[in-house]
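In my numbering, the protein residues as written are 6 to 242.
In what follows, a single structure is set out as C-alpha cells and then discussed.
Spelled out as C-alpha cells, the structure:
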C-alpha cells in the first residue's frame, strides 16, 4: 500500500490559521463562477465527486447538494478532523472524508465522475504521480479539474508574482506543463470580496510575506480584489 502522506507538504495559509482561511474561502469567487463553469460543462448531479486536498472541507457541502456521493481526501490530521466535524454539523450523509494524498487515494479504480483540486499539490512540474493517481480512480468520461491562480491577470495574481519572485515566464511554463499532460485551459475572471477591511487585512497577512503585505495594504482600498483563476481540465477516454 502507498504511503498516505506521499507528496505531502504543509500549506502555510490553511495550516497557519484555518479560521482565517474559512473567511478567505467565503470571500473567494462569491458569484460561484468556477462552480457554474464546472456544472455547465461537466455536471455532478447523481455522480461521484472527489475533492483532492479538501482541507477543512469548505467546498464539500456545495457538491453534496446534487452529487450521489462526495469524497474529501486530506493528509493533514487537524484539517481532516475539522472537515469531519463539518460533515456532522451540516448532516452531510453522502460525504466521506478520508486520509490520503494526491499520490495515494484509498479508492478503487474507475469510480469517480468529477475530481477537482484547489490550490493543492498540483503546481506543475513534479506532480505527475498525483495526476496518474487521480486518473486511476476516474471513470471513462470522468474529468479532472485543477484550479490555480493566474499570474498574468488580475490584481491578486500580480501580488503573488511580485511577492514570491516569479519570473515573467512562470505562467507560460505552468500552462505549457498542463498542455503537455493533455489538459485544456479555461480562464475565469472573478474576485475576492470581504465583509470588512479587518477580514481582508487578516487574510492578506496569511497569504503574503510581511513586507509585501504591508505594501499591499497601503496601495489597496476597499473590500474587493479582482482575481483571475486558471482551470486546467482533462477528461478520461
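We treat Cβ as the ideally placed atom computed from N, Cα and C, and that holds for glycine.
Inter-residue Cα distance where the pair is residue i and residue j
| i | j | result |
| --- | --- | --- |
| residue 207 | residue 219 | 11 Å |
| residue 122 | residue 35 | 18 Å |
| residue 188 | residue 237 | 6 Å |
| residue 182 | residue 175 | 11 Å |
| residue 168 | residue 214 | 7 Å |
| residue 43 | residue 192 | 12 Å |
| residue 131 | residue 153 | 16 Å |
| residue 147 | residue 216 | 43 Å |
| residue 71 | residue 143 | 19 Å |
| residue 234 | residue 164 | 14 Å |
| residue 224 | residue 37 | 27 Å |
| residue 97 | residue 112 | 20 Å |
| residue 68 | residue 49 | 8 Å |
| residue 32 | residue 202 | 12 Å |
| residue 129 | residue 161 | 20 Å |
| residue 133 | residue 173 | 24 Å |
| residue 91 | residue 184 | 36 Å |
| residue 145 | residue 45 | 19 Å |
| residue 115 | residue 135 | 16 Å |
| residue 180 | residue 226 | 31 Å |
| residue 21 | residue 93 | 24 Å |
| residue 177 | residue 41 | 26 Å |
Sequence-distant residues of its chain with Cβ nearer than 6 Å to residue i (five each side left out)
| i | result |
| --- | --- |
| residue 55 | 76, 117 and 120 |
| residue 239 | 149, 187 and 188 |
| residue 204 | 28 |
Rounded Cβ spacing between residue i and residue j (contact assumed at less than 8 Å)
| i | j | result |
| --- | --- | --- |
| residue 66 | residue 105 | No, residue 66 and residue 105 are not in contact; Cβ-Cβ is about 20 Å, not under 8 Å. |
| residue 102 | residue 125 | Going by Cβ atoms, the distance from residue 102 to residue 125 rounds to 14 Å, so no, they are not a contact pair. |
| residue 109 | residue 138 | 7 Å |
Chain-order list of residues whose beta-carbon lies under 7 Å from that of residue i (same chain, five-residue window excluded)
| i | result |
| --- | --- |
| residue 95 | 66 |
| residue 25 | 207, 208 and 211 |
| residue 140 | 149 and 241 |
| residue 58 | 78, 79, 107, 122, 125 and 126 |
| residue 47 | 119 and 148 |
Own chain partners of residue i with C-beta closer than 8 Å, once the 5 adjacent residues on each side are dropped
| i | result |
| --- | --- |
| residue 73 | 51, 52, 53 and 99 |
| residue 209 | 218, 221 and 222 |
| residue 86 | none |
| residue 23 | 60, 61, 83, 84 and 87 |
| residue 171 | 156 and 165 |
| residue 64 | 30, 56 and 123 |
| residue 39 | 152, 193, 195, 234 and 236 |
| residue 158 | 192, 194 and 233 |
Practice item. Let me know the alpha helix (DSSP H) ranges lying completely inside the region 41-80, each 4 residues or longer, listed in chain order. Key: Listed in chain order, the complete alpha helix (DSSP H) runs (minimum 4 residues) inside the region 41-80 are 65-69.
**Study point:** Cβ pair count under 8 Å reaching 3, the region 193-200 against the region 222-235
**Key:** yes
Exercise for review: With a floor of 4 residues, list each alpha helix (DSSP H) that falls wholly inside the region 106-164, ordered by position along the chain.
Suggested key: 133-142
Check your understanding: Can you give, in chain order, each stretch of the beta strand (DSSP E) that sits fully within the region 170-219 and has at least 3 residues?
Key -> 189-198
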